[in-house]
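Residue numbers for the sequence shown follow this note's numbering, beginning at 7 and rising by one.
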Amino acid sequence: MRRIETCSVHAGRDDFAELGVHASPIDLSTTYPVHDLAAGTASFDALVGGAAHAENPIYARLHNPTVARTEQAIAELEGTESCVAFGSGMAALTALLLSRRAAGSHVLVVRPIYGSADHLLACGALGLEAEFVTVDQIAAKRRDDTSLIIVETPANPTLKLVDIRAVVAAAGDVPVMVDSTFATPILQNPAALGARYVVHSATKFLGGHGDVIAGVVCCADQDAHALRQMRALTGALLHPLGAYLLHRGLATLALRVERAQANAVEIAERLKKHAAVSRVYFPGIAGSEQGELIGNGDAAQMRGPGALMAMELHGGFEAAAATMAAVKLITPAVSLGSVDSLIQHPAGLTHRVVDEQTREKHGITAGLLRLSVGIEHVDDLWADLDQALTSAMGSTGDRLRDAA
Ligand code: PLP
């Protein structure tokens with residue numbers, strides 16, 4: 007089996023020599039000629055039934071070869087039989103939830119998770135009853151109509167790790183879904199630990215350049231059928247141009263994650279000593295509680311800590327807002343996993359849709375900033391972060407003095 011770095015570059019490209027091409031072909035057709043009606047009907051039936059391929063793609067809502075190629079590449083990276091791609095991470099989650107409805111309308115969710123995913127589940131828009139639990143409560147809270155157990159690890163935005171093996175053990179027959187967006191397939195493969203569905207917002211590291219919105223569900227062939235059926239039914243497609251960009255981004259995934267992670271390890275250590283910062287949330291930080299889940303040990307589930315971190319500022323909301331206003335190299339923006347570094351305020355942006363009490367309970371405070379570390383030179387990043395935090399500290403200090 008080829009190693010992950012090689013897979014990152016070559017997955018989904020194995021037929022290039024045969025095709026006589028060196029870059030992925032883009033197929034933008036919305037419809038395909040049907041000269042033989044009997045064969046066309048057979049292809050239609052197969053695709054509507056959730057098949058990955060048919061002789062004739064028929065219509066782009068049912069199948070697109072460029073999207074299928076990207077799916078094949080991501081499945082190889084994640085170590086699953088299949089991957090089904092959607093127009094966004096939220097569309098991927100929605101299709102998965104709907105595809106599980108027949109098994110029951112109750113889902114268990116371990117918080118924290120991405121704000122909009124939390125909101126989708128909490129607001130009941132899909133007719134689901136979402137119950138928010140801790141890992142320890144899963145076994146007791148499972149019901150006959152529980153159709154899915156949802157975890158996100160590392161979790162957005164506090165980087166809390168959830169022990170995937172422990173969740174799978176507590177889940178019994180209920181399938182476990184892991185949102186592995188923060189980890190990427192380079193650092194974590196939840197399916198190998200027993201998760202039945204692995205979800206990524208491919209908008210993030212997989213695409214990697216901030217120019218594609220996409221989502222994927224990696225799973226067994228059998229489960230992919232129901233997801234493709236749901237995608238055809240609801241039209242939650244990934245456009246082939248997006249699929250092309252996503253596939254192109256994958257080629258540098260291993261390299262980008264490696265570099266961004268090395269930067270993040272260094273920045274987390276420096277942040278710990280910064281006078282403006284009261285706490286750093288980073289899975290790899292020395293003495294962190296869940297350290298055994300990272301590395302090469304028997305209990306490990308991640309090969310490294312990743313490139314995301316969060317920091318709590320002494321100066322609270324004022325300091326957080328002032329830091330976002332003061333960064334010059336780092337972009338103050340939501341999203342993550344891009345080649346460039348991004349900083350944002352979860353309570354005011356990504357997790358705004360989660361009620362305040364829940365936010366506070368899970369550490370999403372007014373003084374918390376989330377940093378997605380990119381592949382720039384670490385010293386340039388640090389210089390920018392340091393000047394922003396220091397000037398924010400000064401300006402909040404001035405305001406506090408004025409108010410006194
Ligand atoms: N899952 C995680 C962990 C995320 O951070 C996000 C978006 O930020 C999503 C899912 C949703 O993905 P998208 O924005 O591609 O719909």
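Think of the CB as a built atom: it goes at the ideal place given N, C-alpha and C, for glycine as much as any other residue.
By the neighbour-count definition (other C-beta atoms within 10 Å, threshold 16), Ala45 is an exposed residue.
In the displayed model, Leu126 falls within a helix according to three-state DSSP.
The segment 248-332 contains, as complete alpha helix (DSSP H) runs of 4+ residues, the segments 259-278 and 322-332 (chain order). The C-beta of Lys210 has 16 or more other C-beta atoms within 10 Å across all chains shown, which makes the residue buried. Relative to the Cα of Glu84, the nearest Cα in the group Ala108, Leu212, Ala238 and His28 belongs to Leu212. Distances from the CA of Pro71 to each of Met317, Tyr203, Val90 and Pro311 were compared; the closest alpha carbon is that of Val90. Listed as beta-bridge partners of Gly221 by DSSP are Phe92 and Ser207. At the C-beta level, Gly221 and Phe92 come within 7 Å of one another. The alpha carbon of Ala101 has as its nearest neighbour, out of Arg237, Thr47 and Pro39, the alpha carbon of Arg237. Look at Ser207: its beta carbon is less than 6 Å from one of the heavy atoms in the ligand PLP. Per the C-alpha coordinates, the member of Ser186, Leu154 and Leu348 positioned closest to Ala316 is Leu348. DSSP places Phe138 outside any alpha helix (DSSP H); the residue lies instead in the beta strand (DSSP E), whose first and last residues are Glu135 to Val139. Under DSSP, the beta-bridge partners assigned to Glu158 are Asp185.
Taken in chain order, the whole alpha helix (DSSP H) runs of length 4 or more contained in the segment 13-101 are 22-25, 43-54 and 71-84. In this chain, Val174 is not harboured by any beta strand (DSSP E); it is covered by the alpha helix (DSSP H) spanning Ile170 to Ala177.
Asp51 and Leu261 have their C-alpha atoms spaced approximately 41 Å apart. Nearest neighbour of Gln235 by Cα position, chosen from Gly56, Met399 and Asp385, turns out to be Gly56. Per DSSP, reduced to three states, the secondary structure at Ile349 is strand. Counting only residues of its own chain and dropping the five nearest sequence neighbours on each side, Ala66 has a CB closer than 6 Å to the CB of Thr36. Contact between Asp390 and Ile336 holds: CB atoms are separated by about 5 Å, below the 8 Å threshold. One Cα belongs to Asp385, the other to Ala398, and the distance between them is close to 20 Å. Rounded to whole angstroms, the Cβ separation of Pro289 and Gly312 is 7 Å, and the two are in contact under 8 Å. Selection Ala177, Ile192, Ile219 and Leu252 evaluated against Arg202 yields Ala177 as nearest (Cα-Cα).
The beta carbon of Tyr287 sits no closer than 6 Å to any heavy atom of the ligand PLP. The way I'd put it, the segment 267-285 doesn't touch the segment 147-160; fewer than three beta-carbon pairs between them come closer than 8 Å. DSSP lists Met317 as the bridge partner or partners of Leu375.
Judged by DSSP secondary structure, Leu233 falls within the alpha helix (DSSP H) whose first and last residues are Asp227 to Thr240. Assignment of Val113 by DSSP, reduced to helix, strand and coil, places it in the strand class. The three-state secondary structure of Pro191, taken from DSSP, is helix. Taking all protein chains in view, the Cβ of Ala281 is surrounded by fewer than 16 other Cβ atoms within 10 Å, so the residue is classified as exposed. Residue nearest to Gly400 within the set Leu355, Glu366, Asp227 and Thr329 is Thr329 (criterion: CA-CA distance). Between the alpha carbons of Gly200 and Pro352 lies a distance of about 30 Å.
When Cβ pairs closer than 8 Å are counted between the two stretches, the segment 165-176 is seen not to touch the segment 74-88, the count staying below three. Ser105 has its alpha-carbon roughly 35 Å from the corresponding atom of Ala266. By alpha-carbon distance to Arg148, the top candidate from Gly130, Cys129, Val173 and Leu127 is Val173. Here the segment 131-144 lies against the segment 109-117, with 3 or more beta-carbon pairs under 8 Å apart.
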